[in-house]
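Quick note, the sequence shown lines up with residues -24 to -1, 1 to 283 if you use mature numbering (1 follows the signal peptide of the UniProt record, and there is no 0).
Just below is one structure, and these are the notes that go with it.
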Amino acid sequence: MKNSKSLLAILALLVGASILTSCKKTKVTEKDGIEYTYVKEGNEKAPNGEFLLYNLEITTASDSVIYSTADYPFPGYIMANDSMPVETGMDEIFLSLRKGDSIAFETTIKNIYGENAPPTVNKEDIVKVRLGAFEIMNEEAIQAYFEKVMAAEEVKKGERAKERIIEEEKIIQDYIKEKGLAAQKTESGLYYVIEEEGTGEPVSVGTTMHVNYAGYLLDGTLFDTSVESIARENNMFNEGRPYEPLPVTVGMGQVIPGWDEGLLLLKKGSKGKFIIPSPLAYGENGAGDMIPANSVLVFDVDVAEVQ
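So this is what it looks like as structure tokens:
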């Protein structure tokens, strides 16, 4: 009987230990009171001055992605620093991360973004966060890592650009047909129209040209111009900017590729039109609020001077 009780006690301890090890560890931040759970615990802390790489995903309560490092070529990273001040619950979580940690929690948008919350969301909305730290690197290693990733991304970007030019070919041809333009095409995919030939010798790389221009989206929306009358007609006049020909040293990368190539086709006094596929314009990133990603652009150009 005595032996039986001992056996039961040992079994009880084993079962209890099993339950404890199967339970996921939960903590609460002192700042903001964020309760977070370790899906998996790591055990290697990054030394001061070295970098901890992580993946992060933030979704709405209905699982729509607000932000994810998976959408970018590079993961997130933070430099370890024991003396870094802790001001928010998110600071606590990130500064306590170890390699191998996988963390999940829910909190408000305000706790994530603070005063920098996107204006389109409610700061009190609940979001889901998934955070995982996967590698520690010193400065030399992380620089080499990013250079490698960047080189691979440039290759992928080039492949996407080729595909995009093919996709936009029909869009541009439909535009040219609709407008009745006598456009020519270069090998790169740039379409151009010489409306007035101009005079003088053809320009070469390194030549400085002074160009008046007006830039439009395919739907006719003006996004920029150097001509005051055009700006006023389109309710885009800005008192704070000069309206005068833009100086461009051609072929030196001062302007988008479509301009660098197109200006080499013009002379002093030339007037023309460029229809530029997005990879030869602002590509996947777009430009500001006026030019969305992957936008075909149309420019009316007038070469005022050639030096």
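All C-beta atoms, glycine included, are put in the ideal place defined by N, C-alpha and C.
Of the residues the options, the one placed nearest residue i, counting alpha carbons only
i, options, result
"residue 254", "167, 190, 241, 246", "167"
"residue 76", "133, 109, 62, 104", "109"
"residue 240", "186, 125, 120, 135", "186"
"residue 269", "275, 260, 160", "260"
"residue 46", "40, 198, 31, 202", "31"
"residue 99", "141, 118, 36, 120", "36"
"residue 194", "228, 276, 208", "276"
"residue 257", "140, 159, 18, 1", "140"
"residue 182", "59, 237, 90", "237"
"residue 165", "174, 72, 148, 56", "148"
"residue 154", "196, 136, 40, 92", "196"
"residue 163", "138, 61, 127", "138"
"residue 95", "222, 152, 42, 208", "42"
"residue 51", "122, 134, 152, 133", "122"
"residue 3", "209, 72, 56, 63", "72"
"residue 55", "40, 39, 118, 97", "118"
"residue 63", "151, 39, 88", "88"
"residue 222", "280, 150, 61, 136", "280"
C-beta atoms of residue i and residue j nearer than 7 Å
i, j, result
"residue 103", "residue 34", "yes"
"residue 49", "residue 125", "yes"
"residue 202", "residue 192", "no"
"residue 249", "residue 131", "no"
"residue 252", "residue 234", "yes"
"residue 174", "residue 245", "yes"
Own chain, CB closer than 6 Å to residue i, minus 5 neighbours either side, in chain order
i, result
"residue 5", "65, 68"
"residue 16", "78"
"residue 53", "27, 29"
"residue 247", "171, 172, 278"
"residue 264", "none"
"residue 44", "33"
"residue 97", "85"
"residue 152", "159"
Counted within 10 angstroms of its Cβ, other Cβ atoms place residue i as buried (16 or more) or exposed
i, result
"residue 271", "buried"
"residue 146", "exposed"
"residue 8", "buried"
"residue 274", "buried"
"residue 215", "exposed"
"residue 83", "buried"
"residue 156", "exposed"
"residue 144", "buried"
"residue 176", "exposed"
"residue 142", "exposed"
"residue -3", "Its pLDDT being 47, under 50, residue -3 is placed unreliably in this model, and the value from its coordinates should be taken loosely. Exposed."
Nearest-angstrom beta carbon gap, residue j and residue i [assumed within contact, 8 Å]
i, j, result
"residue 220", "residue 213", "Actually they do not touch by this definition, with Cβ atoms about 14 Å apart."
"residue 13", "residue 70", "Not confirmed; about 16 Å, so no contact."
"residue 21", "residue 74", "5 Å"
"residue 366", "residue 199", "Any question about residue 366 goes unanswered here, given that the chain covers just -24 to 283."
"residue 24", "residue 58", "6 Å"
Beta-carbon proximity list for residue i, same chain, < 8 Å, skipping 5 on both sides
i, result
"residue 179", "185, 226, 239, 240, 242, 243, 282"
"residue 86", "93, 99, 100"
Own chain residues within Cβ distance below 7 Å of residue i, not counting five before or after
i, result
"residue 231", "224"
"residue -1", "13, 14, 15"
"residue 111", "29, 75"
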